[in-house]
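If you count by our numbering, then the sequence shown holds residues 44 to 270, one letter each, in order.
Just so it is clear, CB atoms sit at the ideal spot from N, CA and C, and this is done for glycine as well.
All of these numbers come straight from a predicted model, not from anything done at the bench.
In what follows, a structure is listed as structure tokens, so that the remarks can point back to it.
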Amino acid sequence: MTLQDILDDIVFQHEKELQRINYNPNTLNISLSVNMDPAQLHIEITERVNTDLASLLEEFWPQTETSTSRSQVGTSENVGALDIQRAVIEERGVPEVNQVDYLQNRIASLENDLMTQRIDLERITAQNETLQADMQTERDRNHRIFQDNIRLQEDLTLMTTNMKSYEVITRQHEKLCKFIETFESRIQKDFAKLHIGNNNTEDIKIGNFINSVILDAVKMNQLAHPE
44 MTLQDILDDI
54 VFQHEKELQR
64 INYNPNTLNI
74 SLSVNMDPAQ
84 LHIEITERVN
94 TDLASLLEEF
104 WPQTETSTSR
114 SQVGTSENVG
124 ALDIQRAVIE
134 ERGVPEVNQV
144 DYLQNRIASL
154 ENDLMTQRID
164 LERITAQNET
174 LQADMQTERD
184 RNHRIFQDNI
194 RLQEDLTLMT
204 TNMKSYEVIT
214 RQHEKLCKFI
224 ETFESRIQKD
234 FAKLHIGNNN
244 TEDIKIGNFI
254 NSVILDAVKM
264 NQLAHPE
């Protein structure tokens with residue numbers, strides 16, 4: 044809301060109050076403008092608006108300690124109050140400040156603060172978006188690690204099963220090796236007992252068979268005990 048809007052609202056409220064008490068003047072004859080001198084603006088308001096405006100007037104001169112009371116609404120009293128306000132300012136050595144400039148500077152300050160807050164909000168929003176992206180990246184990474192852990196568990200289970208199978212096969216292999224050694228030993232003993240003649244065809248066949256069995260046993264033993 045601008046200062047002109049505030050002044051227009053003052054006039055409107057005063058006219059509304061006059062209508063409430065059934066007083067209809069020909070014209071209120073008030074022409075207020077933000078371009079008026081603050082002192083003249085104060086006089087115009089206090090002379091033409093005969094109602095309790097003390098709280099509103101104090102908003103126009105926030106640096107003064109003297110305000111208009113309900114008993115000082117009349118023309119001469121308010122002019123006197125204005126003189127007192129000026130005297131207080133002069134005693135302090137502070138030049139009279141143009142109220143419009145004060146309000147404009149205040150508005151500019153608020154706009155600067157708002158702009159700063161917007162910049163901070165944009166920065167925080169950007170940081171939040173970055174954090175959200177980082178969090179999503181971390182979620183994806185954790186999901187990949189979780190999937191890898193599942194695969195590792197499956198591989199470990201398979202390795203455990205294979206290890207058990209390997210142990211079974213190893214035991215069977217050891218039994219087979221012992222059997223081959225025993226079989227080879229018996230064959231050699233049986234072969235030593237044979238007396239193969241030069242012209243005995245059957246003995247020769249038996250000898251050849253035993254030799255082939257011994258060779259097969261040796262090969263099987265070599266396979267069972269690889270170097």
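Residue i vs residue j beta-carbon contact at 7 Å
i, j, result
"residue 257", "residue 230", "yes"
Burial state of residue i, where buried means 16 or more other Cβ atoms lie within 10 Å
i, result
"residue 260", "buried"
"residue 251", "exposed"
"residue 143", "buried"
"residue 223", "buried"
7 Å Cβ cutoff, residue i in contact with chain D
i, result
"residue 253", "Among the chains in the structure shown there is no chain D, since it carries only a single protein chain."
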